[in-house]
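Chains as they are written, first to last, in our numbering: chain A, 71 to 167; chain B, 25 to 297.
All C-beta atoms, glycine included, are put in the ideal place defined by N, C-alpha and C.
Everything numeric in this text was worked out from a predicted model, so none of it was measured.
Single-structure report; data block below.
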């Protein structure tokens, strides 16, 4: 395990403010009519927030490669679960004539 | 994480052990404290990934039904309070910050701040659960509990409107909403949609309930960490339980980061705040 520089309270506070800002942003944007982009923007903001939490609060940015790789692979499997399931359900009606 | 750091109470204990120079918390199968913490962190992440897959399955099922019954999900989503959901998101993010600070305090050997930040995290967690309880009660009051579990179904089928006139009538709201945007939806079809909102509420209660259950477990973990922190168990060379407790707490935060937009923010521009 490589010796690592841990984040400082100042950095934690900056991350906290950023997360709070994104929360306000996603709340405000939800009341605008962006059509199909409403859920896309909401999920993009959620993913940004989750990434910030994982990288800094959960120290993945400062951890060893084995942990980094394990976490990335976990999310890769999650993506397989979601995309393959959805591509099945979303495409079923396309074949019905 | 170097063992040469002698400022912490734990390290002093290690130095006093003359026969074997290792830290009392070091298990015999590990060469060093760093290796032990690396292994523990890795194991915790593997556990969290199984949790992610569990919630991931629920999210996937939610997305499929949301696409299939979109109008019903809009009606259900706009009936829950976005202000409380928003407040709770901020509360949980703040608790993640105090938890990160608790881990930092443990890592730098600051005992009093560690205890303080753990207590702050627990208070914020309790505030979250309190608000969640209030939201659940509102749903009960509006007869939005799915099924007829507590003898109160949806207004169109149950006796809710008699007990709570003007509340819980989702079908009526759907008709009204459609009227506002110049569409006409016949009441039977609106009632059909209202019936489908039970699927939304089933997901709502299952997912937020499972999340709240994780919060309760997190609070119990905090209590245990608090007791150990007061005893002075943690220092720069040994703070693994705090670190892992932090990972768990942040994971619960991440689940909520996704629950908030998915459950509360569907087509808000069409519905009421």
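ask   = Considering only residues of the same chain and omitting the five flanking positions on each side of residue 131 of chain B, which have a CB-CB separation below 7 Å?
value = 260 and 263
ask   = What beta strand (DSSP E) runs, 3 residues minimum, are completely inside the segment 238-288 of chain B?
value = none
Top-ranked residue by Cα proximity to residue 143 of chain A, from B/84, B/87, B/46 and B/69 = B/69
key: residue 99 of chain B and residue 247 of chain B closer than 8 Å at C-beta   = no
inquiry  = Measuring straight from C-alpha to C-alpha, what distance separates residue 297 of chain B and residue 168 of chain B?
reply    = In this predicted model, residue 297 of chain B has a pLDDT of only 41, less than 50, meaning its place in the structure is not dependable; the value taken from the coordinates is given anyway. Approximately 17 Å, taken between the alpha carbons.
ask   = Are the Cβ atoms of residue 54 of chain B and residue 60 of chain B separated by less than 8 Å?
value = yes
message = Am I right that residue 269 of chain B and residue 249 of chain B are in contact with their C-beta atoms under 8 Å? What's the rounded C-beta distance?
response = 5 Å
query = So residue 227 of chain B packs on residue 89 of chain B, CB below 8 Å; how close in whole Å?
reply = 7 Å
inquiry  = Taking 6 Å as the limit between beta carbons, can you name the residues of its chain near residue 49 of chain B, skipping five residues before and five after?
reply    = 262
ask   = Going by other Cβ atoms of all chains shown within 10 Å of its Cβ, with 16 needed for buried, is residue 133 of chain A buried or exposed?
value = buried
ask   = Does residue 186 of chain B have its Cβ less than 8 Å from a Cβ in chain A?
value = Here the model assigns residue 186 of chain B a pLDDT of 41, short of 50, so the residue's position is not dependable, and the following value carries that caveat. Not closer than 8 Å to any Cβ of chain A, the Cβ of residue 186 of chain B fails to qualify, so no.
request  = Thinking residue 152 of chain B and residue 211 of chain B are a contact (beta carbons under 8 Å), I'd like their distance in whole angstroms, please.
outcome  = The Cβ separation is near 39 Å, so there is no contact.
task = Kindly indicate the opening and closing residues of the alpha helix (DSSP H) around residue 156 of chain A.
result = 135-165
ask   = Hey, is residue 230 of chain B's beta-carbon within less than 8 Å of any beta-carbon in chain A?
value = no
query = Can you find a CB in chain B that lies within less than 8 Å of the CB of residue 119 of chain A?
reply = yes
message = For residue 96 of chain A, which residues in the same chain have their Cβ closer than 8 Å to its Cβ, ignoring the five residues on either side in sequence?
response = 111, 112, 115 and 116
message = Quick check on residue 93 of chain A - is its C-beta less than 8 Å from some C-beta in chain B?
response = yes
message = I'd like to know whether the C-beta of residue 139 of chain B is nearer than 8 Å to at least one C-beta of chain A.
response = no
query = In chain order, what residues of the same chain lie with their CB nearer than 8 Å to the CB of residue 141 of chain A, ignoring the 5 residues before and after it?
reply = 124 and 130
ask   = Would you call the segment 82-91 of chain A and the segment 104-112 of chain B in contact, with 3 or more CB pairs under 8 Å?
value = no
Below-8 Å beta-carbon distance, residue 117 of chain B vs any chain A residue = yes
message = Using a Cβ-Cβ cutoff of less than 8 Å, which residues in the same chain neighbour residue 127 of chain A once the five nearest sequence positions on both sides are dropped?
response = 82 and 85
Proximity winner among A/122, A/148, A/150 and A/99, relative to residue 278 of chain B (alpha-carbon distances) = A/122
ask   = By the 10 Å Cβ neighbour count, where 16 or more other Cβ atoms means buried, how is residue 107 of chain A classified, buried or exposed?
value = exposed
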